[in-house]
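Worksheet for the structure shown next.
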Amino acid sequence: QFKVQIDSYETLYEEVCRLEPIKVFDSWMKIDIRPFKASLLNIIKRWSLLFKQHLVDHVTQSLANLEAFIKNSESGLLKKVEKGDFEGLVEIMGHLMAVKERQSNTDEMFEPLKQTVELLKTYEQELPETVFKQLEELPEKWNNIKKVAITVKQQVAPLQANEVTLLRQRCTAFDAEQQQFWERFHKEAPFRFDSIHPHQMLDAKHIEIQQMESTMASISESASLFEVNVPDYKQLRECRKEVCQLKELWDTIGMVTSSIHAWETTPWRDIKVEAMELECKQFVRHIRNLDKEVRSWDAFTGLESTVWNMLSSLRAVAELQNPAIRERHWRQLMQATGVSFAMDQDTTLAHLLQLQLHHYEDEVRGIVDKAAKEMGMEKTLKELQTTWAGMEFQYEAHPQTNVPLLRSDEDLIEVLEDNQVQLQNLAMSKYVAFFLEEVSGWQKKLSTTDAVISIWFEVQRTWTHLESIFIGSEDIRAQLPQDSKRFESIDIDFKELAYDGQKTPNVVEATNKPGLYEKLEDIQGRLCLCEKALAEYLDT
């Protein structure tokens, strides 16, 4: 491959050399390419030399590295090792392992290097004299060091066998130790959500695992040198994995709980539910990205429950921020949850979370729904109060007597009928309990008003009709003296009611005076007697 590349540059160099330095086109245009040609030849030559130098470096470095390796291995392998000299034995085993690992590549490197040297000669590329010397001497030195390695391996075999036995015992002991550690780790590590000082516990376990990992690495290194198979130590590796998972889990728990603690100081009217819900949903996404293995741990389920409960509580808080909520509704909620506190401007989210609102979502929804309905009732009753506070009777003077007569008002009657229907609907509502007394009071007032207005107009109409007959007609007075006397009494009573009513213009107040309906009923009865007597007289 390198030969092809170098040959391509050599060929290109020759082609460029053959280019004419000056060229005339169409007998009038002369181009001098000598500067360009020189620059191009320089570039081609540099690329060619780059590949050649790479091959030179490869040959010299490969041989130099091998020579250094042989020298180092020879000095190491020729050291004497006595029984009990573990470090010396380990050093010897290291050299033996190095020779073994290098053997295959080194055995096959000399022929390619010689071919590379021959290739470089064809390009007249100079090589250091040491290269030729090394190519001649190193193959024999390499064969010698392999023989030395075989001899040394046989010499240290008894020591190696003894060390292998000790190493296997060490492996077995460490296997039992890491098994015990795994059991203790699962008892002591902060797998539970109510764990105290979890990060300090994890730091301590991390140090323990580090120490055991150091021991495991030492055993593995020795085992590799002595060609001993060691257990996988899965329990220790699992502990390392779980301590990292626990660290990430408790970092997440810390992030969530610190955010919630910060929110808890917020005055409840200032709680930004949407912003908090958005952050909680980000927590949920973060939790879902944790390793699947942690989902069975109590710490994880506790964290998940905390976030979901917070989301549920925030939904309840959002509903409780409804302006329809009154003090009585808070008392109902506290009674349902069994938790009491003063509901005022100092109330914070922490107080509301004490209510465990996530357990009472249905109750909260019911109370808020009730409050909204009650606010509608409250509005209706206020409108009713406002309407009837400004509703007044209009009067007109009787032509003959100037007695104030009640003027017919269709708008008043329509409002009265509509309001009575409204009150009937309120009274039938399942949410009327708090306003029952007020609703019943208004029903009674407007019912009385309706009855009084109705009978008043009947009495007024009859009185107006009979007044000119019994007071203005001497013939009737002479013919019906007893009934005329009765009407005079009626006239006095009616005028008294008419003048008294004019003093109280408000409709509800005027019609709800004690005994008014009974007085009108009495007058109506006596007027009927007068009417009957008059009718009998006129029929004769």
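Heads up, the sequence shown is in my numbering, so the first residue is 492 and it goes up one at a time. Built from N, CA and C at the ideal position, the CB exists for glycine as well.
Query: Between the CA atoms of A841 and I687 - distance to the nearest angstrom; Result: 22 Å
Query: Assigned exposure category for D517 - 16 Cβ within 10 Å defines buried; Result: exposed
Query: Stretch-stretch touch, CB-based, cutoff 8 Å, three pairs: the segment 817-826 with the segment 759-774; Result: no
Query: Contact set for L740: own chain, Cβ-Cβ below 8 Å, skip 5 residues either direction; Result: L781, V785, W788, A790, F791, L794
Query: Option in D837, R731, R779, M767 with minimal Cα separation from A807; Result: M767
Query: Buried versus exposed call for V912 [16 or more other C-beta atoms within 10 Å across all chains shown]; Result: exposed
Query: Start and end residues, alpha helix (DSSP H) containing P526; Result: 525-568
Query: Runs of alpha helix (DSSP H) wholly within the segment 675-724 (minimum 4 residues, chain order); Result: 689-716
Query: Residue span of the beta strand (DSSP E) that contains V515, given as start and end; Result: 513-516
Query: Assigned secondary structure, N893 (DSSP; H/G/I helix, E/B strand, else coil); Result: coil
Query: Which of helix, strand or coil DSSP assigns to Y990; Result: helix
Query: Given 8 Å, three or more beta-carbon pairs between the segment 881-895 and the segment 852-864; Result: no
Query: Test item: CB-CB of T838 and W933 under 9 Å; Result: no
Query: Distance, A708 Cα to R683 Cα; Result: 31 Å
Query: For I946, the nearest candidate out of L629, P972, S964, K1010 (CA to CA); Result: K1010
Query: Nearest-angstrom Cβ-Cβ length linking R659 and V747, presumed shorter than 8 Å; Result: Actually they are not in contact, since the Cβ atoms of R659 and V747 sit about 49 Å apart, beyond 8 Å.
Query: Nonlocal neighbours in the same chain, by C-beta distance under 7 Å from Y1028, ignoring five residues either side; Result: Q970, L971
Query: Delimiting residues of the alpha helix (DSSP H) encompassing Y1008; Result: 1007-1030
Query: I858 versus I778, T871, L824, residue with shortest Cα-Cα distance; Result: L824
Query: Classification of T642 by the beta-carbon crowding that lies within 10 angstroms, buried from 16 upward; Result: exposed
Query: Burial state of M584, where buried means 16 or more other Cβ atoms lie within 10 Å; Result: buried
Query: Of the listed residues D666, V930, F884, nearest to K1111 (C-alpha basis); Result: Outside the shown range of the chain, which is 492 to 1031, sits residue 1111, and nothing can be said about it.
Query: Contact under 9 Å by Cβ, T939 with N1003; Result: yes
Query: Extent of the continuous alpha helix (DSSP H) run through E949; Result: 927-961
Query: Beta-carbon spacing of L568, V639 below 9 Å; Result: yes
Query: Expected contact under 8 Å - CB spacing of R898 and E887 to nearest Å; Result: 5 Å
Query: Between the CA atoms of R537 and E615 - distance to the nearest angstrom; Result: 15 Å
Query: Segment contact, 8 Å Cβ cut-off, at least three pairs: the segment 797-811 with the segment 845-853; Result: yes
Query: Identity of the residue in K521, M520, C508, L604 nearest T551 by Cα; Result: L604
Query: Residues bridged to I751 (per DSSP); Result: DSSP, once it has assigned bridges, lists no residue as partnering I751.
Query: CB of A942 within 9 Å of CB of Y1008, strictly; Result: yes
Query: Reduced DSSP secondary structure (H/G/I, E/B, other) of A862; Result: helix
Query: Exposure label - L541; buried when at least 16 CB within 10 Å; Result: exposed
Query: Minimum C-alpha distance to C1019 - residue among D1030, D974, Q993; Result: D974
Query: As assigned by DSSP and simplified to three states, the class of Y614; Result: coil
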